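Counting with this note's numbering, you get residues 2 to 205 for the letters of the sequence shown. Where a beta carbon is used, it is the ideal one built from N, C-alpha and C, also for glycine. Predicted model only: the values in this text are computed from it and were never measured. Below is one structure, written out as structure tokens, with a few remarks after it.
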Amino acid sequence: MQDKEVISILQNKLNFTGKNISDIKIFINELLKANKKRNFISKSTEQVIWHRHILDSAQLVKFIDFSKSSLSDLGSGAGFPGLILALFNKNKDFHVKLYEKSPVKRAFLKDISDRLSLKIDVYGNVYEYFIDTDYIVCRAFKKLEALIQVSREIAKKSHKLIILKGQNAQEELKKAFNKEKYDYKLENSITSEDSKIIIVDFKK
Numbered sequence: 002m003q004d005k006e007v008i009s010i011l012q013n014k015l016n017f018t019g020k021n022i023s024d025i026k027i028f029i030n031e032l033l034k035a036n037k038k039r040n041f042i043s044k045s046t047e048q049v050i051w052h053r054h055i056l057d058s059a060q061l062v063k064f065i066d067f068s069k070s071s072l073s074d075l076g077s078g079a080g081f082p083g084l085i086l087a088l089f090n091k092n093k094d095f096h097v098k099l100y101e102k103s104p105v106k107r108a109f110l111k112d113i114s115d116r117l118s119l120k121i122d123v124y125g126n127v128y129e130y131f132i133d134t135d136y137i138v139c140r141a142f143k144k145l146e147a148l149i150q151v152s153r154e155i156a157k158k159s160h161k162l163i164i165l166k167g168q169n170a171q172e173e174l175k176k177a178f179n180k181e182k183y184d185y186k187l188e189n190s191i192t193s194e195d196s197k198i199i200i201v202d203f204k205k
């Protein structure tokens with residue numbers, strides 16, 4: 002998928018504004034510069050960054066109610082998906098928290114969020130915090146079983162867990178829900194036929 006095609010989907014199907022697209026271009030430029038020194042994203046995905054990373058993250062806006070108060074991204078890395086969601090957000094009371102263990106990546110996330118005036122707080126290792134948030138999102142962080150454990154043990158009781166997963170999504174669901182069942186939905190990803198979005202509803 003060409004970059005122009007991705008930008009068209011972002012604007013026409015996901016309601017990203019022209020300002021959002023300009024900000025994403027600034028972000029991409031800074032990320033590619035940082036990637037020359039450190040491995041923020043795989044070098045093989047640099048040429049397809051709009052499709053592989055931006056659109057993959059951006060599609061989650063369809064499943065988030067931005068009138069709620071907060072969202073946490075676990076293992077945010079270079080800012081996917083949390084920074085892209087923060088960039089899309091129009092509600093000044095909606096707060097995005099990025100959890101990232103690497104000090105180098107944290108510094109990058111802080112710098113770019115300041116530059117783009119995004120309402121973001123950057124934290125360290127997620128296991129050192131209590132997650133008080135309405136949504137937990139993650140992409141390439143941990144297996145589903147470990148994420149369910151985070152939701153059950155260190156997050157507030159009522160929240161939604163939204164995970165971008167590859168072709169093993171169904172298999173991971175079977176393992177994770179072997180003993181305990183949770184309400185969940187499986188949505189198709191718009192970036193790959195093999196990928197899925199798992200949405201688990203944790204209620205009080």
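Among 182, 173, 137 and 100, which one has its Cα closest to the Cα of residue 196?
As a working mapping, residue 196 is identified with position 195 in the sequence shown. Minimum Cα distance to residue 196 is reached at 173.
When DSSP builds the beta bridges, which residues end up paired with residue 74?
The residue given as residue 74 occupies position 73 in the sequence shown. Note: residue 74 sits in a beta bridge opposite 99 and 138.
Residue 163 - containing beta strand (DSSP E), residue span
By one-based count along the sequence shown, residue 163 stands at place 162. Note, residue 163: beta strand (DSSP E), 160-166.
Could you check the C-alpha separation between residue 12 and residue 25 for me, to the nearest Å?
Start at 1 with the first residue of the sequence shown, and residue 12 comes out as number 11. Start at 1 with the first residue of the sequence shown, and residue 25 comes out as number 24. So the alpha carbons of these two residues sit roughly 12 Å apart.
Counting only the same chain and skipping the five closest in sequence on each side, list residues whose C-beta sits under 8 Å from that of residue 183.
By one-based count along the sequence shown, residue 183 stands at place 182. 149, 201, 202 and 203.
Residue range of the beta strand (DSSP E) that residue 1 falls in?
A question about residue 1 goes unanswered here, because the residues of the chain that appear run from 2 up to 205.
Considering just the uninterrupted stretch of the alpha helix (DSSP H) at residue 24, what are its terminal residues?
Taking the first residue of the sequence shown as position 1, residue 24 is located at position 23. Its alpha helix (DSSP H) spans residues 19-38.
In angstroms, rounded to a whole number, what distance separates the CA positions of residue 210 and residue 80?
As shown, the chain starts at 2 and ends at 205. That puts residue 210 outside it, with no answer to give.
Output the distance between the C-alpha atoms of residue 190 and residue 162, rounded to the nearest integer angstrom.
Taking the sequence shown and counting its residues from 1, the one referred to as residue 190 is at position 189. Taking the sequence shown and counting its residues from 1, the one referred to as residue 162 is at position 161. Cα-Cα distance, rounded: 16 Å.
Taking C-alpha atoms, which residue in 159, 22 and 134 lies nearest to residue 55?
For the purposes of this step, residue 55 is identified with residue 54 of the sequence shown, where counting begins at 1. The shortest C-alpha separation from residue 55 is found at 22.
Please report the straight-line C-alpha distance between residue 181 and residue 53, rounded to a whole angstrom.
On the sequence shown, residue 181 is found 180 positions in, with the first residue counted as 1. On the sequence shown, residue 53 is found 52 positions in, with the first residue counted as 1. Their Cα atoms are separated by approximately 33 Å.
Please state the DSSP three-state secondary structure of residue 79.
Taking the sequence shown and counting its residues from 1, the one referred to as residue 79 is at position 78. If DSSP states are grouped into helix, strand and coil, residue 79 belongs with coil.
Close beta carbons around residue 101, own chain, < 6 Å, minus the five adjacent residues each side:
The sequence position of residue 101 within the sequence shown is 100, counting from 1. Only 77 and 107 meet the Cβ criterion.
Between residue 155 and residue 138, is the Cβ-Cβ spacing less than 9 Å?
Start at 1 with the first residue of the sequence shown, and residue 155 comes out as number 154. Start at 1 with the first residue of the sequence shown, and residue 138 comes out as number 137. Cβ atoms of residue 155 and residue 138: not closer than 9 Å.
Residues bridged to residue 41 (per DSSP)
Within the sequence shown, numbered from 1, the residue matching residue 41 stands at position 40. According to DSSP, which records beta bridges pairwise, residue 41 is partnered with nothing at all.
Near residue 10, which residues of its chain fall below 7 Å by C-beta distance, leaving aside the five closest residues on each side in sequence?
In the sequence shown, counting from the first residue as 1, residue 10 sits at position 9. Closer than 7 Å at Cβ, skipping near neighbours: 56.
Tell me the DSSP secondary structure of residue 203 in three-state form.
Along the sequence shown, read from residue 1 onward, the residue named residue 203 stands at position 202. Strand, per DSSP.
With distances taken between CB atoms, is the gap from residue 86 to residue 72 smaller than 9 Å?
Within the sequence shown, the letter at position 85 stands for residue 86. Within the sequence shown, the letter at position 71 stands for residue 72. A contact, by the Cβ cut-off of 9 Å.
State the DSSP-derived secondary structure class of residue 143, mapped to helix, strand or coil.
The count along the sequence shown starts at 1 and reaches residue 143 at position 142. Residue state for residue 143 is assigned as coil, using DSSP reduced to three classes.
With distances taken from CA atoms, which of 66, 199, 177 and 176 is nearest residue 186?
As a working note, residue 186 is residue 185 in the sequence shown. Among 66, 199, 177 and 176, the Cα nearest to that of residue 186 is on 199.
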